Amino acid sequence: MEHWHLDRKVSITHIISTVMVIASLFVWGGGIERRIDLNAKDIEQVREMQNRNWEANKEAWKELKSSIDKMNSKLDRLIERN
Numbered sequence: 004m005e006h007w008h009l010d011r012k013v014s015i016t017h018i019i020s021t022v023m024v025i026a027s028l029f030v031w032g033g034g035i036e037r038r039i040d041l042n043a044k045d046i047e048q049v050r051e052m053q054n055r056n057w058e059a060n061k062e063a064w065k066e067l068k069s070s071i072d073k074m075n076s077k078l079d080r081l082i083e084r085n
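With my numbering, letter number 65 in the sequence shown gets 68, and the count goes up by one each step, no holes.
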């Protein structure tokens, strides 16, 4: 049975390939960071838009409720006349 033998020498190609892998990981991580930042900004814009829409809808519902209340009072007066 042969024993494993590890060579203590490190080739220049191994060093270069290791550096390239590490560099590509940093580039990849930077790209991820940039996309996360863009998503966070997009989420904040959507949240602001939803808040504006919510406020506009609240106003529309108030106006609608007011109109319905006016119609109810008119109907009540018509019913009382008859």
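Every residue gets a Cβ at the ideal spot worked out from N, C-alpha and C, and that includes glycine.
From a predicted model like this one, the values you see are computed outputs, not experimental measurements.
Just the C-alpha distance for residue i and residue j, rounded to the nearest angstrom, thanks.
i   : j   : result
R55 : K61 : 10 Å
I71 : Q53 : 26 Å
G33 : Q48 : 23 Å
T16 : V24 : 12 Å
According to DSSP, is residue i part of a helix, a strand, or is it coil?
i   : result
N85 : coil
S20 : helix
K44 : helix
E5  : coil
R11 : coil
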